[in-house]
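2 protein chains.
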Amino acid sequence: MDFHLNSEFLQGTELFRDVPAAALHEIQAASSQRRVAAGQVVFRQGDPAGALYVVATGRLRATQTTADGQQVIIRYLGPGEVAGYTTLSGGGTHPGTVTAVEDALLISWTGAAMKKLMAEHSSIAMNAVAFLGARYHEMQVRIRELSTEKVERRIAHTVLRLAEQAGRRTARGIEIAIPLSRQDLAEMSGTTLHTVSRTLSAWEEQKIVSCGRRRVVVAKANVLASIAEV
Amino acid sequence: MDFHLNSEFLQGTELFRDVPAAALHEIQAASSQRRVAAGQVVFRQGDPAGALYVVATGRLRATQTTADGQQVIIRYLGPGEVAGYTTLSGGGTHPGTVTAVEDALLISWTGAAMKKLMAEHSSIAMNAVAFLGARYHEMQVRIRELSTEKVERRIAHTVLRLAEQAGRRTARGIEIAIPLSRQDLAEMSGTTLHTVSRTLSAWEEQKIVSCGRRRVVVAKANVLASIAEV
DNA sequence: GAGCATCTTTGCGGAAACGCAATAAACCAG
DNA sequence: CTGGTTTATTGCGTTTCCGCAAAGATGCTC
Chain A
4 MDFHLNSEFL QGTELFRDVP AAALHEIQAA SSQRRVAAGQ VVFRQGDPAG ALYVVATGRL
64 RATQTTADGQ QVIIRYLGPG EVAGYTTLSG GGTHPGTVTA VEDALLISWT GAAMKKLMAE
124 HSSIAMNAVA FLGARYHEMQ VRIRELSTEK VERRIAHTVL RLAEQAGRRT ARGIEIAIPL
184 SRQDLAEMSG TTLHTVSRTL SAWEEQKIVS CGRRRVVVAK ANVLASIAEV
Chain B
4 MDFHLNSEFL QGTELFRDVP AAALHEIQAA SSQRRVAAGQ VVFRQGDPAG ALYVVATGRL
64 RATQTTADGQ QVIIRYLGPG EVAGYTTLSG GGTHPGTVTA VEDALLISWT GAAMKKLMAE
124 HSSIAMNAVA FLGARYHEMQ VRIRELSTEK VERRIAHTVL RLAEQAGRRT ARGIEIAIPL
184 SRQDLAEMSG TTLHTVSRTL SAWEEQKIVS CGRRRVVVAK ANVLASIAEV
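Chains A and B supply the protein sequences, listed in that same order. Counted from 1, the first sequence has number 28 at position 25 by this note's numbering; the numbering is strictly sequential. Counted from 1, the second sequence has number 51 at position 48 by this note's numbering; the numbering is strictly sequential.
Below, the structure is given as structure tokens:
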């Protein structure tokens, strides 16, 4: 399947929404495409930030890794979202590793091209400010959760967020459309896969969720929300 | 003491560095000043984001609060740093509460003024992208720490970061130049004041730090660093 | 400088969650 | 369908850290 990078797509991305039509051709002209297979790495933590990516199709995962190999999932990235934001501010290295969790098609720009585009079209820079602000905010909320909440509640928040972000309505409830192991959930909630497994088992008992291998379906989102809140 | 908002100051801020000289007058003309006494609130979480502030003198603290009143300290803000970044992307409400921890003087701009300035001078928008990216990165690192590290190490990281950010060399070591209670440290490290107190006592025993009421002096930064790292 | 408010220390008991280990289930390849 | 790999479950002992409580220190106000 060939992907034609058209204006509608660009206008739906967080980085290029509301950009004047005249700029779209220039944006397209400066872009490249890159395919990544599920499991492949887009870039690694510490790599020099040479390119910025926008997800066209598929889904990516951004992680932070410690020196001794421990990992935390920062975020999943879906169509229209940006990976490699460090490229925008020039110079540095990527603060995290980004991996494809499904086969994905990415549109990319070099740092130099992005700087030129942002300088000429202020709305692109404004969009960058907006999405970085939003992600910063997300992280603040997560820090508050990690600091003040007990594990079960954190897992509930994580699952609800994922359902929101990548949920698909089905007969049994909202299915999270990402292959999601217990380990993954643990790395998003700041706990261990054991505790996640125990918690999900308890929830399954109460018919709040139903889950399989790398799969979670939220049956009673409202009950889950009440676990997350009160 | 009167503060004259001059070009040198603006050029040293994270938001207005490297802005063409011609723009500085316009920036100054659009600004207001606001004094806040220690302990006073600059804006509250949930308030509509009407203004953006740059710290001229003094120090602020940004916090996130839960519905039930639990707090987490996101960050301290010193001279040259921005409070109220949400104002840049328009519309929303402040994601956290900002309070002065010392008497402070703030320079402020309305959202409309900032939008105009950013649209006309792309370097301002680029600076905003840079500092938001940096803060987002900071938060990612903290999330990794909260998720994977034990309490003592987290406290060590927090203290070292504060020493870096607001440290003052003295005979006894690097003194953190912010009044800093055990509770404050707890809210930055994701633990309780009790655990912070116990940990600091143990460190004081080993002469790694020396501390008093709302005061911490790092005597052996290298030992603290080794606690934080391995 | 006496009294008060705030902040800090420390002991102790207990809950929460970790981490090991062993088993079970699901999926894949040939 | 068979063997191997990955993923998930669950029991159990252990550790970490919380949270109460009470006493002690520090600094500020009048």
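We treat Cβ as the ideally placed atom computed from N, Cα and C, and that holds for glycine.
Helix, strand or coil: which one does DSSP assign to residue 36 of chain A? Assignment of residue 36 of chain A by DSSP, reduced to helix, strand and coil, places it in the strand class.
By the 7 Å beta-carbon criterion, what residues does the stretch 62-73 of chain B contribute toward chain A? Listed by position along the chain: 67, 69, 73.
Any idea if residue 148 of chain B is buried or exposed, counting beta-carbon neighbours within 10 angstroms, 16 or more meaning buried? With 16 or more other CB atoms across the displayed protein chains lying within 10 angstroms of its CB, residue 148 of chain B is buried.
What does residue 44 of chain A reach in chain B if we use C-beta pairs closer than 7 Å? By Cβ distance, chain B contributes nothing, its closest Cβ being about 17 Å from residue 44 of chain A, past 7 Å.
Amino acids of chain A, ordered along the chain, whose beta-carbon sits closer than 8 Å to that of residue 136 of chain B: Near residue 136 of chain B (Cβ distances below 8 Å), the residues of chain A are 88, 89, 91, 92, 135.
Please go through the stretch 137-187 of chain A and give each complete alpha helix (DSSP H) segment of 4 or more residues, from N-terminal end onward. DSSP runs (the alpha helix (DSSP H)) wholly in the stretch 137-187 of chain A: 154-169.
Just tell me which of A:57, A:99, A:59, A:92 has its CA closest to the CA of residue 76 of chain A. For the set A:57, A:99, A:59, A:92, the Cα lying nearest the Cα of residue 76 of chain A is the one of A:99.
So who's on the other strand from residue 67 of chain A, going by DSSP bridges? A:75.
With H, G and I counted as helix, E and B as strand and the rest as coil, what does DSSP make of residue 88 of chain B? The answer is helix: DSSP assigns residue 88 of chain B an H, G or I state.
Residue-level contact to chain A via CB, residue 149 of chain B, 9 Å cutoff: Yes, residue 149 of chain B counts as interfacial toward chain A.
Ignore the nearest five residues each way along the sequence and tell me which others in residue 67 of chain B's own chain have a CB closer than 6 Å to its CB. Cβ neighbours of residue 67 of chain B beyond the five flanking positions: 75, 77, 99.
As a quick exercise: from B:190, B:81, B:166, pick the residue whose alpha carbon is nearest that of residue 60 of chain B. With distances taken between Cα atoms, residue 60 of chain B lies closest to B:81.
Anticipated Cβ contact below 8 Å, residue 176 of chain A with residue 220 of chain A, distance rounded: Correct: roughly 5 Å between the Cβ atoms.
According to the neighbour-count rule (16 or more other Cβ atoms, all chains shown, within 10 Å of its Cβ), is residue 204 of chain A buried or exposed? Flag for residue 204 of chain A reads exposed.
Across which residues does DSSP place residue 219 of chain A in a beta bridge pair? According to DSSP, residue 219 of chain A bridges with A:214.
Residues that DSSP places opposite residue 51 of chain A in a beta bridge: Checking the DSSP bridge columns, you'll see residue 51 of chain A partnered with A:96.
Residue 8 of chain A versus residue 126 of chain A - alpha carbon distance: Distance between the alpha carbons of residue 8 of chain A and residue 126 of chain A: 20 Å.
Under the assumption that residue 230 of chain B contacts residue 145 of chain B (Cβ atoms under 8 Å), give the Cβ distance between them as a whole number of angstroms. Here residue 230 of chain B is actually not in contact with residue 145 of chain B; their C-beta atoms are around 17 Å apart, not less than 8 Å.
Backbone secondary structure at residue 226 of chain B - three-state DSSP: Assignment of residue 226 of chain B by DSSP, reduced to helix, strand and coil, places it in the helix class.
Between the stretch 133-144 of chain A and the stretch 205-214 of chain A, do three or more beta carbon pairs fall short of 8 Å? Contact between the stretch 133-144 of chain A and the stretch 205-214 of chain A is absent, because fewer than three Cβ pairs lie under 8 Å.
Determine the direct distance from the alpha carbon of residue 31 of chain B to that of residue 62 of chain B, and round the result to whole angstroms. Taking the straight line from one Cα to the other gives about 21 Å.
Look up residue 80 of chain B in the DSSP assignment and give the residues it is bridged to. Under DSSP, residue 80 of chain B shares a beta bridge with B:63.
Any C-beta of chain B under 9 Å from that of residue 172 of chain A: Contact of residue 172 of chain A with chain B is not assigned, every C-beta pair being separated by 9 Å or more.
Taking Cβ to Cβ, would you say residue 158 of chain A is nearer than 9 Å to residue 194 of chain A? Between residue 158 of chain A and residue 194 of chain A, the CB-CB gap stays under 9 Å.
If contacts are defined as beta-carbon pairs under 8 Å, then residue 90 of chain B and residue 53 of chain B qualify, I think. What distance do you get, rounded to the angstrom? That belief holds up - the Cβ atoms of residue 90 of chain B and residue 53 of chain B are roughly 7 Å apart, short of 8 Å.
Helix, strand or coil for residue 46 of chain B? Go by DSSP, reduced to three states. Here residue 46 of chain B sits in strand by DSSP.
With a 10 Å radius around its C-beta and 16 neighbouring C-beta atoms as the bar for buried, classify residue 172 of chain A as buried or exposed. That one is exposed.
I need the DSSP call for residue 195 of chain B, collapsed to helix, strand or coil. Coil, per DSSP.
Do residue 168 of chain B and residue 79 of chain B have their CB atoms nearer than 9 Å? Yes. Within cutoff.
Does any C-beta atom of chain A lie closer than 9 Å to the C-beta of residue 4 of chain B? Confidence is the limiting factor: at residue 4 of chain B the pLDDT is only 49, short of 50, which leaves the residue's position unreliable, though a coordinate-based value still follows. For residue 4 of chain B, the answer is no, since every Cβ of chain A falls outside 9 Å of its Cβ.
Mind checking who residue 57 of chain A pairs with in its DSSP beta bridge? Beta-bridge pairing links residue 57 of chain A to A:85, A:110.
Does the CB of residue 209 of chain A have a neighbour CB from chain B at under 9 Å? It does not: the Cβ of residue 209 of chain A has no partner Cβ on chain B nearer than 9 Å.
Look up residue 132 of chain B in the DSSP assignment and say whether it is helix, strand or coil. Here DSSP, grouped into helix, strand and coil, assigns residue 132 of chain B to helix.
With 9 Å set as the bound, which would you pick, yes or no: does the beta-carbon of residue 197 of chain B sit closer than that to a beta-carbon of chain A? Taking 9 Å as the threshold, the shortest C-beta distance from residue 197 of chain B to chain A does not fall below it.
For residue 163 of chain B and residue 179 of chain B, which I take to be in contact (beta-carbon distance under 8 Å), what is that distance rounded to the nearest angstrom? Not confirmed; about 10 Å, so no contact.
So which residues on chain A does residue 99 of chain B lean against when the C-beta distance must stay under 8 Å? Chain-order list of chain A residues neighbouring residue 99 of chain B: 143, by C-beta distance under 8 Å.
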